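To start, the structure itself, in structure tokens.
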């Protein structure tokens, strides 16, 4: 099992979630977050905004679905044909243990 963390533009959230759902991946945790990437924020006039709104998607899935999910997110989250700075990042990590709170059972 793996954990996919995707940080995307908030205005792409609905599109990404719709595409994931259409592909059969409905289980997603969604959080509004702030942060900055390589560009160190944006400057508008004399003001620097270094806490840019983003959306964080978390998905714990079987490893065999990794490439399909990444493809869906990449295509739906990209701005325009070529993409742009700030479109986001996807991080993939192994999941070593899973517990169900209601039953207390370990699943892996």
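In the UniProt record's numbering, the protein residues as written are 1 to 108. Just so you know, even glycine gets a beta-carbon here, dropped at the ideal spot from N, CA and C. All figures in this text were calculated on a predicted structure; none of them were measured in a lab.
Count the other C-beta atoms from every protein chain shown that fall within 10 angstroms of the C-beta of residue 45, then say buried if there are 16 or more, exposed otherwise. Taking all protein chains shown into account, residue 45 has fewer than 16 neighbouring C-beta atoms within 10 Å of its C-beta and is therefore exposed.
Distance between residue 4 and residue 69 (C-alpha atoms, nearest Å): Taking the straight line joining both Cα atoms gives about 9 Å.
Could you check which residue in 18, 67, 87, 29 has the C-alpha nearest to that of residue 38? That would be 87, whose Cα lies nearest to the Cα of residue 38.
Going by DSSP, what residues sit across from residue 32 in a beta bridge? Secondary-structure assignment with DSSP links residue 32 through a beta bridge to 55.
Out of 2, 99, 16, point me to the one whose CA is closest to residue 74's CA. Minimum Cα distance to residue 74 is reached at 16.
Spell out a yes or no on whether the region 26–33 and the region 47–66 are touching, meaning 3 or more CB-CB pairs, one atom from each, closer than 8 Å. Three or more Cβ pairs drawn from the region 26–33 and the region 47–66 lie within less than 8 Å of each other, which places the two stretches in contact.
By Cβ distance below 7 Å, which residues in the same chain neighbour residue 40 in space, the five residues on each side in sequence not counted? Excluding sequence neighbours, residue 40 sits near 50.
Since residue 72 contacts residue 2 with CB under 8 Å, what's their CB separation in whole angstroms? No, residue 72 and residue 2 are not in contact; Cβ-Cβ is about 15 Å, not under 8 Å.
Compute the Euclidean distance between the alpha carbons of residue 108 and residue 47, then round it to the nearest angstrom. For residue 108 and residue 47, the distance between alpha carbons rounds to 49 Å.
For residue 5, write down the residues that DSSP places opposite it in a beta bridge. Beta-bridge annotation (DSSP): residue 5 is paired with 58, 91.
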